[in-house]
Amino acid sequence: MADLTKRERAQIGEILERRANEIAGFSDEYRRDPKHYGSVEFALTREIDRLRRLAERVNPEPEEEDEPS
């Protein structure tokens, strides 16, 4: 697999975060329904976490460099 550019990694990270947020919005609405199923809620929560972890791995936060004294 070809190496991704920094910009491509950032774009993939943004897409993953957006999808996680979309699922989180759906999950929130779903939980408000008194007839919701806990197993579905659990699956949605796991998928949100998985997408956010992938986003962090694809586009990690830059490490802070020590400032010269």
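First residue of the sequence shown? That's 749 in my numbering, and the numbers climb one at a time after it. Glycine is no exception: its CB is placed at the ideal position from the N, C-alpha and C atoms.
Secondary structure of D797 (DSSP, three-state): helix. The DSSP-derived three-state label of Y785 is coil. Of the residues R766, A758, Q759 and I771, the one whose Cα lies closest to the Cα of F790 is I771. Between A758 and L799, the C-beta gap is not smaller than 8 Å, which leaves the two residues out of contact.
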